[in-house]
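Protein chains in written order, with the working numbering: chain A, 9 to 561; chain B, 9 to 561. Beta carbons are placed, not taken as given, at the ideal position from N, Cα and C, and that holds for glycine.
Number of protein chains: 2
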Amino acid sequence: MTGAEFLVDHLIKLGVTDVFGIPGGVVLDFLYELDRRKEITAHLSFHEQCAGFAASGYAQLTGKLCVAYATKGPGITNLLTPVADAYSDGTPLLIITAHSENVLDKTVRFTGEQELDTVDIFKSVTKYAVRIDSAAAFPFEVKKACNIAFKGRKGPVLIDVLTRVFTENIFDIQTLNNVIKIMPIKSADYIIEKLKASHRPIFLIGDGIHQSRAESKMRELSEKLNIPVISSRCSEDVMPISGMYFGYIGSHGIRYANFILSKADLIIALGNRLAFPLNSDSFKPIYENAEIIRIEYDESEAGRHIPNCKCFIENVQDTLNELSDRSISYIEPNKWIAVCNRLKKELFEADINPPTRILSEAFQSISNDVTIVNDVGNNEFWSSRAYINTGISNRTLYSKCFGALGCSLGKSIGAYYASQSPVLCITGDQGLQLNSQELQFIGMHKLPIAILLLNNNSSGMIRSREKQRYGRFVHTTPNSGYGTPDFKKLAEAYGIEYIKYTTGVFEKIDRPILVEVIIDEEIGLEPNLPRGNRCCELVPELNKTLFDVLDKL
Amino acid sequence: MTGAEFLVDHLIKLGVTDVFGIPGGVVLDFLYELDRRKEITAHLSFHEQCAGFAASGYAQLTGKLCVAYATKGPGITNLLTPVADAYSDGTPLLIITAHSENVLDKTVRFTGEQELDTVDIFKSVTKYAVRIDSAAAFPFEVKKACNIAFKGRKGPVLIDVLTRVFTENIFDIQTLNNVIKIMPIKSADYIIEKLKASHRPIFLIGDGIHQSRAESKMRELSEKLNIPVISSRCSEDVMPISGMYFGYIGSHGIRYANFILSKADLIIALGNRLAFPLNSDSFKPIYENAEIIRIEYDESEAGRHIPNCKCFIENVQDTLNELSDRSISYIEPNKWIAVCNRLKKELFEADINPPTRILSEAFQSISNDVTIVNDVGNNEFWSSRAYINTGISNRTLYSKCFGALGCSLGKSIGAYYASQSPVLCITGDQGLQLNSQELQFIGMHKLPIAILLLNNNSSGMIRSREKQRYGRFVHTTPNSGYGTPDFKKLAEAYGIEYIKYTTGVFEKIDRPILVEVIIDEEIGLEPNLPRGNRCCELVPELNKTLFDVLDKL
Chain A
9 MTGAEFLVDH LIKLGVTDVF GIPGGVVLDF LYELDRRKEI TAHLSFHEQC AGFAASGYAQ
69 LTGKLCVAYA TKGPGITNLL TPVADAYSDG TPLLIITAHS ENVLDKTVRF TGEQELDTVD
129 IFKSVTKYAV RIDSAAAFPF EVKKACNIAF KGRKGPVLID VLTRVFTENI FDIQTLNNVI
189 KIMPIKSADY IIEKLKASHR PIFLIGDGIH QSRAESKMRE LSEKLNIPVI SSRCSEDVMP
249 ISGMYFGYIG SHGIRYANFI LSKADLIIAL GNRLAFPLNS DSFKPIYENA EIIRIEYDES
309 EAGRHIPNCK CFIENVQDTL NELSDRSISY IEPNKWIAVC NRLKKELFEA DINPPTRILS
369 EAFQSISNDV TIVNDVGNNE FWSSRAYINT GISNRTLYSK CFGALGCSLG KSIGAYYASQ
429 SPVLCITGDQ GLQLNSQELQ FIGMHKLPIA ILLLNNNSSG MIRSREKQRY GRFVHTTPNS
489 GYGTPDFKKL AEAYGIEYIK YTTGVFEKID RPILVEVIID EEIGLEPNLP RGNRCCELVP
549 ELNKTLFDVL DKL
Chain B
9 MTGAEFLVDH LIKLGVTDVF GIPGGVVLDF LYELDRRKEI TAHLSFHEQC AGFAASGYAQ
69 LTGKLCVAYA TKGPGITNLL TPVADAYSDG TPLLIITAHS ENVLDKTVRF TGEQELDTVD
129 IFKSVTKYAV RIDSAAAFPF EVKKACNIAF KGRKGPVLID VLTRVFTENI FDIQTLNNVI
189 KIMPIKSADY IIEKLKASHR PIFLIGDGIH QSRAESKMRE LSEKLNIPVI SSRCSEDVMP
249 ISGMYFGYIG SHGIRYANFI LSKADLIIAL GNRLAFPLNS DSFKPIYENA EIIRIEYDES
309 EAGRHIPNCK CFIENVQDTL NELSDRSISY IEPNKWIAVC NRLKKELFEA DINPPTRILS
369 EAFQSISNDV TIVNDVGNNE FWSSRAYINT GISNRTLYSK CFGALGCSLG KSIGAYYASQ
429 SPVLCITGDQ GLQLNSQELQ FIGMHKLPIA ILLLNNNSSG MIRSREKQRY GRFVHTTPNS
489 GYGTPDFKKL AEAYGIEYIK YTTGVFEKID RPILVEVIID EEIGLEPNLP RGNRCCELVP
549 ELNKTLFDVL DKL
């Protein structure tokens with residue numbers, strides 16, 4: 009068995025079905041082995057950056073390992089951005105690259121043409137990065153890397169293989185324990201005790217619920233216990249249609265969610281890393297007024313000190329299982345639920361602007377199996393807001409922590425192969441330009457991906473900041489050096505149908521389309537939380553009488 | 009004086025005139041300071057990768073420092089490829105990025121949103137990378153970084169600045185010696201002695217001649233001493249129209265250059281790193297049969313052992329100056345020059361194929377001030393061959409060592425701002441797709457850049473390798489998953505005129521145009537040197553009688 013055969017075999021055993029990349033000399037033997045096997049498909053991207061994002065979209069959607077490969081030199085350096093994105097967002101990726109020199113001489117600028125110290129470059133944005141120079145080490149390292157991608161908090165791993173190992177004989181004698189370490193359950197008793205004394209408990213959830221595939225458990229438990237759930241913005245799709253879900257919080261959060269957060273006396277954070285700025289006057293009162301219990305799977309993350317907070321290192325799936333079997337109650341659930349529902353009812357219509365209205369209409373028209381893939385910028389916030397408003401339950405993807413502008417085309421491709429279902433890709437005019445070359449992939453393969461381009465002909469998010477801070481613009485508007493192509497012609501260059509947005513255009517997504525809608529560049533990111541305001545005091549301000557009533561609830 | 013004011017002041021003092029990048033929150037104060045100053049211009053790119061390549065093209069052409077900036081997170085990670093390219097090619101770049109957290113906690117996955125250990129990622133592909141967290145350290149670090157970019161062998165440096173330092177007060181009390189250390193001259197006597205005993209000496213030159221701006225010195229000396237000059241491929245533009253220049257060597261080299269190399273008894277390598285594979289049967293005889301003298305400016309590079317070679321660490325400019333003033337001769341120059349001229353005459357017409365014919369025609373039609381910027385792939389080799397054939401003297405840019413596919417659009421932009429003269433950008437269908445978003449920059453600003461697209465509808469270089477090694481294709485041809493957009497529509501989407509190649513189309517490059525020429529996909533990279541052949545035995549083989557005659561000269 010050759011190295012390439014072993015590697016592809018192992019990927020197939022792990023359930024990997026799709027691989028993204030661009031061929032180059034040193035990875036051809038791996039590619040040819042992929043090509044020989046029916047169980048796995050290699051896809052050609054047009055920039056390695058998009059190969060990485062495609063793999064990432066796939067992995068985010070399925071929770072399964074996905075693979076991106078690249079040739080040495082610029083091939084692998086082009087993957088840095090999606091790898092850092094996957095690291096931030098806990099997305100399990102295996103990155104495969106190769107080299108031809110079996111000695112890396114670090115005393116000279118380069119050992120050979122296009123040879124790099126890949127491990128050194130990538131080690132701070134991967135969970136594990138290893139250079140493999142011998143067939144003997146290959147099986148162990150491949151298994152180890154794949155394992156680490158999944159162990160604890162997920163993330164990307166990288167193997168940089170001496171190219172001749174792909175054709176050398178491999179003897180797979182080493183094995184590696186494949187069992188993920190489960191921490192002893194310790195939190196349940198503590199949570200139950202604290203609930204007994206609580207009037208206003210909440211579950212604050214994050215992407216960890218998706219990561220551990222605990223969505224339905226989460227919903228069942230909260231509904232059974234009558235404990236309201238609020239979330240981080242990008243976890244709005246964990247249990248969107250439950251009566252116990254009350255939106256996402258944040259400095260651009262859903263108003264009633266921020267209100268509920270500010271009123272809670274017990275916050276049980278599940279798979280949410282509590283990323284509030286700890287010194288902010290907006291969020292400090294939360295820590296001061298409520299007790300916080302954190303369930304965190306990433307030991308290093310758990311080390312971050314949060315005041316008034318007890319942290320348990322557990323897999324949230326286990327925590328939920330344990331709680332489901334126990335008898336649990338808190339003080340007068342009906343009262344607290346009534347407050348939450350009142351807040352939601354009063355504030356449900358707040359903060360709807362033209363882009364969220366269009367997005368709401370779009371979301372209402374799509375079928376359940378469509379994945380919504382977001383880019384970065386104002387458009388993703390409008391999309392989150394619209395999602396909450398429409399009460400759909402479609403899966404949504406974001407670049408949550410790394411904010412990788414331009415990621416949506418790549419992630420949409422990955423999401424399609426992961427789900428074999430249509431994709432609605434929401435993007436802006438700047439994000440779309442950043443990786444527009446990938447329209448070739450979508451057009452050539454006629455993928456059922458509808459791209460909704462919210463074109464405000466500006467770099468909207470930075471423009472807002474400039475307006476606020478400087479009162480003028482540099483490089484963010486057409487008069488200050490920014491510009492956009494003719495997106496109709498651009499789409500047509502790639503054989504993609506261009507449509508001006510009309511109602512119902514997304515009802516049946518069965519081919520690539522680029523749908524453009526012009527957005528007034530003056531529309532910024534509202535609501536937002538000015539520095540120093542309490543977290544429920546988002547602007548634009550509510551009517552004072554209404555605010556006071558809600559604040560006192 | 010604020011940090012931003014100090015930085016921009018210092019850049020202006022160093023003669024920096026152009027800066028490329030994309031705005032983001034943490035770098036706005038720097039951008040606004042750039043925008044305020046008349047002596048320096050900030051340009052908006054559409055992908056940071058192209059900002060890096062634009063800066064690189066500028067720096068390669070002028071030998072001056074050029075600057076690319078990016079915001080934190082994906083902004084800076086998008087710059088990795090052009091930075092690694094600049095490191096490989098010794099291009100002086102200053103990369104500026106910023107961060108908002110003044111402590112980088114390496115024990116957690118990320119300290120704050122989009123915060124990265126930039127220095128750790130970039131340190132192996134920069135000469136110096138530093139995180140600057142205080143206003144006190146700022147002036148010293150800025151000067152130090154800029155200095156290092158130029159010290160010895162040039163290259164990229166990176167500063168990652170705490171964003172508030174841009175607005176804090178700076179007291180520039182520290183100074184740094186700005187003088188580049190000049191090594192004592194040691195080689196001249198040795199060279200002169202060796203020449204006295206030599207019948208067939210050659211100068212083998214590389215990009216170091218450009219790096220030290222020693223082009224005219226090089227030409228004068230070789231013509232005065234009647235010593236033939238051969239070069240690396242990408243240094244063909246050092247002294248192209250001299251009677252002493254005999255082309256570039258290599259496994260796809262000019263036949264007469266490879267012949268001359270194989271006949272030399274003394275090789276004086278100037279600014280050429282002698283990157284032959286040392287164990288190759290093709291190049292081993294060179295080391296065995298000739299004495300080699302190396303002038304190398306990069307001490308670490310000089311540490312690489314080459315058999316039968318004496319290495320001096322000197323600035324090649326100094327070596328040439330010293331030699332110019334001395335009395336020097338070798339044995340019967342006329343005989344050796346006659347051999348070289350005979351080889352050139354007999355083989356001048358060899359290896360012309362349709363693409364090189366078109367490129368030759370294109371090159372003959374352009375004016376002297378046009379910079380030729382190459383991409384990566386077969387097209388760059390055809391371009392090199394055509395350049396030699398036409399005897400023009402235009403400046404050419406390549407991604408010499410890193411082979412960064414897709415770099416040419418970005419570098420063309422930089423080359424235009426560096427020269428304020430037209431640019432002819434040679435690219436292939438895959439390279440153009442990789443960074444096609446940057447057509448927006450070129451189209452919007454109506455830059456005088458003519459893009460010559462050699463479209464063989466395939467990933468030509470990898471296709472050739474597949475054909476040779478596997479006899480079939482994966483992802484490199486239209487039937488195996490590769491594809492191209494409609495380049496006419498693509499150009500038009502960006503407001504760029506599209507023209508099918510015709511004679512004379514490049515006579516006046518005064519606006520952006522995309523000129524496409526269809527190349528038969530079967531045309532590969534010829535000539536080439538099969539493993540084990542002597543370096544003059546390129547295939548397709550010469551007529552045996554002619555070969556024997558030339559071999560015995």
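Which same chain residues, not among the five before or five after residue i, have their C-beta less than 6 Å away from its C-beta?
| i | result |
| --- | --- |
| B/GLY120 | GLU109 |
| A/ILE380 | ASN402, THR404, LEU432 |
| B/ASN463 | ASP437, GLU524, ILE526 |
| B/SER368 | ALA394, ASN397, THR398 |
| B/GLY81 | GLN122 |
| B/GLY532 | SER472 |
What does a CB cutoff of less than 7 Å around residue i pick up in its chain, not counting 5 residues either side in sequence?
| i | result |
| --- | --- |
| B/PHE514 | ALA370, SER373, ILE374, LEU432, ALA458 |
| A/ASN551 | none |
| A/ARG393 | ASP359, THR364 |
| B/ASP289 | GLY540 |
| A/ILE366 | TYR509, VAL525 |
How is the alpha helix (DSSP H) around residue i delimited, first residue to last?
| i | result |
| --- | --- |
| A/LYS232 | 223-233 |
| A/ALA76 | From DSSP, A/ALA76 is part of no alpha helix (DSSP H) but of the beta strand (DSSP E) over 74-77. |
| B/GLY439 | 437-442 |
| B/CYS348 | 341-355 |
| A/LYS114 | Counting along the chain, A/LYS114 falls outside any alpha helix (DSSP H), and DSSP gives it neither H nor E. |
Beta strand (DSSP E) containing residue i: first to last residue?
| i | result |
| --- | --- |
| A/ILE213 | 209-213 |
| A/ILE303 | 299-304 |
| A/ARG139 | 136-140 |
| B/HIS51 | 49-52 |
| B/CYS154 | No beta strand (DSSP E) holds B/CYS154; the alpha helix (DSSP H) holding it covers 146-158. |
| A/ASN382 | 379-382 |
| B/CYS317 | 317-321 |
| A/ALA106 | 101-107 |
Just to make sure I have the definition right: I need the residues of chain B whose C-beta is within less than 9 Å of the C-beta of residue i. Which are they?
| i | result |
| --- | --- |
| A/VAL482 | PRO31, LEU36, LEU39, TYR40, LEU42, ASP43, ALA50, LEU52 |
Between residue i and the rest of its own chain, which residues show a CB-CB distance below 8 Å, the 5 nearest in sequence each way excluded?
| i | result |
| --- | --- |
| B/ASN536 | SER259, HIS260, LEU546, VAL547 |
| A/LYS271 | ARG208, VAL347, LEU561 |
| B/GLU244 | GLY255, TYR256, SER392, TYR395, ILE396, THR404 |
| A/ARG45 | VAL16, ILE20 |
If the cut is a Cβ gap below 7 Å, which residues of chain B does residue i touch?
| i | result |
| --- | --- |
| A/CYS409 | PHE118, GLU121 |
| A/THR85 | LEU88, THR89, ALA92 |
Mind listing the chain A neighbours of residue i? Cutoff is C-beta to C-beta under 9 Å, in chain order.
| i | result |
| --- | --- |
| B/ASP306 | VAL116, ARG117 |
Since residue i meets chain B, which of its residues come closer than 8 Å, beta carbon to beta carbon?
| i | result |
| --- | --- |
| A/ILE470 | PRO31, GLY32, GLY33, LEU36 |
| A/VAL16 | Under the 8 Å cutoff, chain B gives no residues; its nearest Cβ is about 13 Å from A/VAL16. |
Residue i touches chain E at which residues, Cβ-Cβ below 7 Å?
| i | result |
| --- | --- |
| B/TYR95 | The chain labelled as chain E is not found among the protein chains of the depicted structure, namely A and B. |
Starting from residue i, find everything on chain A with Cβ-Cβ shorter than 8 Å and list it in chain order.
| i | result |
| --- | --- |
| B/ASP289 | In chain order: nothing, as chain A lies at least about 18 Å away. |
Between the segment 245-266 of chain B and chain A, which residues of the former have CB atoms less than 8 Å from a CB of the latter, in chain order? none
Residues of the segment 146-177 of chain B in Cβ contact with chain A at a cutoff of 8 Å, in chain order, please. ARG161, GLY163
Going along the segment 217-240 of chain B in order, which residues come within less than 8 Å of chain A, judged by CB to CB distance? none
When Cβ atoms are compared, which residues of the segment 48-82 of chain B fall closer than 8 Å to chain A? ALA50, HIS51, LEU52, PHE54, HIS55, GLN57, GLY81, PRO82
Ordered list of beta strand (DSSP E) runs contained in the segment 448-475 of chain A, each at least 3 residues: 457-463
Given a limit of 9 Å on CB to CB distance, which residues of the segment 489-506 of chain B reach chain A? GLY489, TYR490, GLY491, THR492, PRO493, ASP494, PHE495, LYS496, LYS497, LEU498, ALA499, GLU500, ALA501, TYR502, GLY503
Report the residues of the segment 127-140 of chain A with a CB closer than 8 Å to any CB of chain B, ordered along the chain. ASP128, ILE129, PHE130, LYS131, SER132, VAL133
Against chain B: residues of the segment 362-384 of chain A by CB proximity under 9 Å: VAL384
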